[in-house]
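Asks: Residue numbers (this note's numbering): 30 to 267.
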Amino acid sequence: MNVIKGAIQKVLGTPVTAHIQFTSKTKGRIAVVYEKPTEPTKDEIKKVQQVVNGIIVKNVPITVVKMNRKEAEEKFGSNIYDLIKPPEDLQELNILQIENWNVNAVKDGDFLPSTGSLNAIEVERINFRPQKSHVEFCFEVVPETDKRSAGLLADVAAAVEAPKVAVAATKPVVKKTATKPVAAYSEELVAFFFQQLEKHGDSAEGRAALRRALLNEATITLNAVQNSSYAAGFKAKQ
Numbered sequence: 030m031n032v033i034k035g036a037i038q039k040v041l042g043t044p045v046t047a048h049i050q051f052t053s054k055t056k057g058r059i060a061v062v063y064e065k066p067t068e069p070t071k072d073e074i075k076k077v078q079q080v081v082n083g084i085i086v087k088n089v090p091i092t093v094v095k096m097n098r099k100e101a102e103e104k105f106g107s108n109i110y111d112l113i114k115p116p117e118d119l120q121e122l123n124i125l126q127i128e129n130w131n132v133n134a135v136k137d138g139d140f141l142p143s144t145g146s147l148n149a150i151e152v153e154r155i156n157f158r159p160q161k162s163h164v165e166f167c168f169e170v171v172p173e174t175d176k177r178s179a180g181l182l183a184d185v186a187a188a189v190e191a192p193k194v195a196v197a198a199t200k201p202v203v204k205k206t207a208t209k210p211v212a213a214y215s216e217e218l219v220a221f222f223f224q225q226l227e228k229h230g231d232s233a234e235g236r237a238a239l240r241r242a243l244l245n246e247a248t249i250t251l252n253a254v255q256n257s258s259y260a261a262g263f264k265a266k267q
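1) Please determine if the stretch 162-178 and the stretch 53-68 are in contact, where contact requires at least 3 C-beta pairs separated by less than 8 angstroms.
2) Reducing DSSP to helix, strand and coil, say where glutamate 108 ends up.
3) How would you call lysine 95, buried or exposed, if buried means at least 16 neighbouring beta carbons within 10 angstroms?
4) Check whether the stretch 142-150 touches the stretch 42-52, taking contact to mean three or more Cβ pairs, one atom from each stretch, closer than 8 angstroms.
5) Consult DSSP for alanine 213 and reduce its assignment to one of helix, strand or coil.
6) Smallest Cα separation from threonine 70: which of Glu128, Asn156, Gly83 and Ser178?
7) Please state the DSSP three-state secondary structure of glutamine 160.
8) Looking at leucine 125: is its Cβ nearer than 9 angstroms to the Cβ of arginine 98?
9) Below 8 angstroms, how does it come out for the stretch 74-90 and the stretch 105-121: are there three or more Cβ pairs, yes or no?
10) As a quick exercise: from Asn131, Lys39, Lys76 and Gly138, pick the residue whose alpha carbon is nearest that of valine 152.
11) Identify whether alanine 149 lies in helix, strand or coil by the three-state DSSP scheme.
12) Please classify glycine 35: does DSSP put it in a helix, a strand, or coil?
13) Is any heavy atom of the ligand PLP found at a distance shorter than 8 angstroms from the C-beta of serine 53?
14) Inspect the beta-carbon positions of glutamate 169 and lysine 56 and report whether they are closer than 9 angstroms.
15) Going along the chain, which residues of its own chain have a beta-carbon closer than 6 angstroms to the beta-carbon of glutamine 15, five neighbours each way excluded?
16) Which stretch, first to last residue, makes up the alpha helix (DSSP H) that contains glutamine 78?
17) Quick one: grab the DSSP three-state call for glutamate 173.
18) To the nearest angstrom, how far is the alpha carbon of alanine 36 from that of lysine 104?
19) Quick check: the Cα distance between glycine 83 and alanine 47, rounded to an integer number of angstroms?
20) Since threonine 92 sits in a beta bridge, which residues does DSSP pair it with?
21) DSSP on lysine 56, reduced to helix/strand/coil?
22) Give me the residue from Pro66, Asp175 and Asp137 with the minimum Cα distance to leucine 119.
23) Buried or exposed: proline 159, going by 16 or more other Cβ atoms within 10 Å of its Cβ?
24) For glutamate 165, does the three-state DSSP call read helix, strand or coil?
25) Let me confirm a value: leucine 181 is counted as buried when at least 16 other C-beta atoms fall within 10 Å, else exposed. Which label applies?
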């Protein structure tokens with residue numbers, strides 16, 4: 030939930046979550062405090078979807094540490110809380126952090142090691158409730174084998190700022206050049222990945238495993254580009 034919460038916050042500037050509900054294993058709803066008189070535009074809704082899938086592709090670590098409540102408030106501010114805060118007598122908090130994305134006090138539980146552990150997310154619709162000053166995002170975590178997954182990941186090109194990625198169409202080689210900030214993952218790159226999946230994945234499990242390997246290699250290379258003024262190329266695994 031914190032992955033999509035961070036996306037909504039970045040696009041709409043809404044740090045406080047009103048409620049969270051899972052309606053099935055793959056579907057959920059998250060409502061945030063939203064005090065604007067008009068509902069989010071279609072472009073803003075699309076941007077939320079692009080941004081959340083961008084952070085999934087970048088595979089950022091998710092950490093959870095226990096902190097003294099006062100220290101956590103002093104370090105991160107009141108935005109670590111949702112609309113309903115933990116009881117005042119609870120003086121030790123679990124603080125979940127996704128660097129440069131989201132920091133939140135959370136309940137005990139099992140947590141994913143990184144954003145890349147998630148499948149692509151599709152925003153199905155929103156419910157605008159001006160009388161409550163809320164807007165609710167209804168979303169689905171799309172199975173890896175679902176055809177929608179490729180399109181959702183390809184769509185991150187408009188959302189993530191990083192050096193441009195060019196794909197050599199006739200060779201399994203992805204060349205990267207550190208030019209001005211543009212799309213981190215071009216539609217061509219993601220399409221290339223999924224061509225490899227279809228070619229080499231003999232089963233749903235095989236395609237899923239290969240998809241993760243390819244995206245992981247791209248993430249490693251992207252980080253190298255971001256941390257230097259120049260990066261050579263790398264050969265995508267087949």
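Just so it is clear, CB atoms sit at the ideal spot from N, CA and C, and this is done for glycine as well.
Replies: Checking against the coordinates, here is how it stands:
1) yes
2) Strictly speaking, residue 108 in this sequence is asparagine, with glutamate absent from that position. Helix at asparagine 108.
3) exposed
4) no
5) Low per-residue confidence applies at alanine 213: pLDDT is 42, beneath 50, and the placement is therefore not dependable enough to give any value.
6) Asn156
7) coil
8) no
9) no
10) Lys76
11) coil
12) helix
13) The model depicted lacks the ligand PLP and carries no ligand whatsoever.
14) yes
15) Coverage of the chain is limited to positions 30 through 267, which leaves residue 15 absent and any answer about it impossible.
16) 71-87
17) coil
18) 22 angstroms
19) 24 angstroms
20) Gln126
21) strand
22) Asp137
23) exposed
24) strand
25) buried
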